[in-house]
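Scroll down for the structure; my scribbles are underneath it.
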Amino acid sequence: MTSSLSTDILIIGAGPTGLMLACQLSLYPNISFRIIDKNPSRTTQSRALTVHARSLELFAQVDLVEKAISEGKFIDTFKLFFQGQCSFRFDLIPIRVKQQPLLTRYPYVLELEQSVTEQILESFLNEHGVKVERDIEAIDIKDLDSTNATGVQVTLSNGEIIQTKYVCACDGARSMVRRKLNLPFSGGTYSESLFVADCQVNKSPVGQHEAAIFCESSGIAGVFPMSDNRFRLVGTIHEEKKENMHITIDEAATLIKTRTRHYDMNIINCNWISVYRSHHRHISTFRYRNRYFLLGDAAHIHSPVGGQGMNTGLQDAHNLAWKLAYVLTHSATDRLLDTYHDERSNVAKVLVNTTDRIFSFISNPHWFTKFVRLYITPYLFRFFIQPVLNHSQTVRQLLFRRISQIGITYRSSTVYDYGASAGNFHRNTPLPGDRFPYVIFDSCHYHLVIFENQPSPKLNRFVELIKIKYSKIIQIHDSQEENIPLRFEGAILIRPDGYIAYRTMVFDTDHFQSYFAQFFSQEMM
Ligand SMILES: Cc1cc2nc3c(=O)[nH]c(=O)nc-3n(C[C@H](O)[C@H](O)[C@H](O)COP(=O)(O)OP(=O)(O)OC[C@H]3O[C@@H](n4cnc5c(N)ncnc54)[C@H](O)[C@@H]3O)c2cc1C
């Protein structure tokens, strides 16, 4: 065995979550980290297909968004069929035309195979001089001392023992780290199985940029267009089949054909088919004994409803990366790391519960639920939900914000408990904890945006303070130069992950310093 005090951070697992964390950390030159994966090569399975607007914003921060968009296929219309009839249509085009500047630059869903997402992230990592160490499994973890003040020792399958300040468990649903730490993964497993297949078909029931779900008494089917004229086909499996967790392509083809009814769709070629049983589980502690962080599927898994899994993992990584970097290189206090748990555990809890309710409703074979699903829900959609959606921009926005994850806010995080706002703001001004949607700034700095201010001694003093004391971490911007469509006299400070850290209309330097001192020690200042 070889032993090395090797690194500040060990990332266990190079799925999308671990790769995103590594990409973000690679932007900070003074941090040492390693990323290992037990598999000898990257996955070739397409698995997660849906990349939401918020994930595209993360890609944009590191200049990867154009690449991702060019490799994927965008979807801007969703249809819901009940027994052959389209009862609901959610069209994102009005959002793109009228509301894009206020919401996101990416008002659609990108269908991009997980294997391609991982490849894009890993290429970025390689360009930044980091290699994923493959065919290496983390097999054990141990605190270095009883108070856990110094770090963690990790034993690898190649005999190496690593000592590290922090372990980031991105090791998926069967996380070794979670098991060794005995962290309960509470929740359950659905009785229904699902198949997924990537196929070419003779005749598509959906348009180029449309996705559709079909509800029938025999179960559910989903059709999602992919690049290269292929389709992701998804379906719940016959009750008599669900025990053996296997389905042939012909059986899948028959299920899809029956559930898409008169579209007469046949599979002509299939390059991947898989059957899986979905779970709904999450842990309650995202940061454990100071040194361990759990992210992605290691921390939360849920049904495929809304394609949220990978997107949530990417955001866990994005939320944690800059906090670790600031603690290691800019004297941020340990308290900043606690906010990772505050912010992300709540998101996971809400997500698992919501997707669970929807999935249970759409897949439950009980006769009464089936009756409501097939005979009452279509009317609700057609005569109530659809008209409301057609006429209300607000409802359309709300739905899109929810699905695309751009609506996630950290307002209730403890980071905002102590004076993150100074002055009497109009109620429409974004709050601390909200995502700042108008500009995508780099992810290594805080960004202070000054809004329409006449020079005044107070403003000058505030700007001077930032320039002298915080110049290493805060960059200053002018709202008009950045074309930000908000009008007020004041300033907003945006965190490296694009969320609002602080806002002021009074430019009180003492107030700002005491707020910031909660997370950064005097050394930095
Ligand atoms: C069929 C299918 C379809 C899906 N569709 C979607 C979708 O449309 N949208 C969406 O958002 N999500 C989707 N998901 C979920 C998505 O695939 C996962 O949420 C995502 O892969 C989680 O990423 P992760 O990096 O957290 O974990 P994983 O992708 O599981 O990666 C974990 C990595 O850790 C490695 N590892 C594990 N243990 C160790 C160890 N001890 N030492 C070293 N390495 C280790 C593994 O080899 C693996 O590479 C889908 C999942 C499936 C199965």
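Sequential numbering of the sequence shown, starting at 3, is according to our numbering.
For glycine and all other residues, C-beta sits at the position ideal for the given N, C-alpha and C.
If you're wondering where the values come from, they're calculated on a predicted model, not measured in any experiment.
With contacts defined by Cβ atoms closer than 9 Å, residue 70 and residue 58 form a contacting pair. The beta strand (DSSP E) runs of length 3 or more contained entirely in the stretch 53–117 are, from start to end of the chain, 75–77, 79–84, 87–93, 111–113. Under the three-state reduction of DSSP output, residue 265 falls in the helix class. Here the alpha carbon of residue 392 sits roughly 16 Å from the alpha carbon of residue 403. Within the model, the alpha-carbon separation for residue 467 versus residue 328 is close to 20 Å. Residue 341 sits buried, since 16 or more C-beta atoms from the chains shown fall within 10 Å of its C-beta.
Residue 149 sits in coil when the DSSP states are folded into three classes, being neither helix nor strand.
Residue side-chain check: residue 406 keeps its Cβ at 8 Å or more from all non-hydrogen atoms of ligand 1.
If you look at residue 388, you'll find it in the alpha helix (DSSP H) that goes 388–393.
Out of 15, 339, 306, the CA that lies nearest to the CA of residue 283 is found in 306. Following the DSSP letters along the chain, one finds residue 335 in no alpha helix (DSSP H), marked with neither H nor E. Taking every protein chain shown into account, the CB of residue 320 has 16 or more other CB atoms within 10 angstroms, so this residue is buried.
If you look at residue 492, you'll find it in the beta strand (DSSP E) that goes 492–496.
Contact between the stretch 369–379 and the stretch 71–79 is absent: fewer than 3 CB-CB pairs across the two stretches fall below 8 Å. Here residue 156 really is in contact with residue 166; their C-beta atoms are around 6 Å apart, less than 8 Å. Judged by the Cβ position, residue 208 fails to qualify as a neighbour of ligand 1 at the 8 Å threshold, every heavy atom of the ligand being at least this far. Residue 365 carries a helical assignment under DSSP once its states are collapsed to helix, strand and coil. By the Cβ-count criterion, residue 176 is exposed, with fewer than 16 other Cβ atoms from all chains shown falling within 10 Å of its own Cβ. Look at residue 198: its beta carbon is less than 8 Å from one of the heavy atoms in ligand 1. By the beta-carbon neighbour count (other beta carbons within 10 angstroms, threshold 16), residue 55 is buried. Pairing residue 74 with residue 127 gives a Cβ-Cβ distance that is not under 9 Å. Beta-bridge partners assigned by DSSP to residue 144: 155. From the listed residues 23, 211, 281, 86, the smallest Cα separation to residue 359 is found for 281. Of the candidates 250, 204, 275, 204 places its Cα closest to the Cα of residue 268. Across the structure, residue 317 and residue 346 are spaced so that their CA atoms are roughly 9 Å apart. Under the three-state reduction of DSSP output, residue 166 falls in the strand class.
Residue 483 and residue 118 have their C-alpha atoms roughly 36 Å apart. Closest option to residue 480, judged by alpha-carbon separation, among 474, 472, 489: 489. Under DSSP, no beta-bridge partner is assigned to residue 402. Here the C-alpha atom of residue 449 lies approximately 13 Å from the C-alpha atom of residue 440.
For residue 254, the shortest C-beta to heavy atom distance toward ligand 1 is 8 Å or greater. Taken in chain order, the whole alpha helix (DSSP H) runs of length 4 or more contained in the stretch 10–54 are 18–27. Bridge partners of residue 281 according to DSSP: 191.
Around the beta carbon of residue 514, a 10 Å sphere encloses 16 or more other beta carbons of the protein chains shown; the residue is thus reported as buried. Taking the CA atoms as reference points, residue 28 sits about 25 Å from residue 408.
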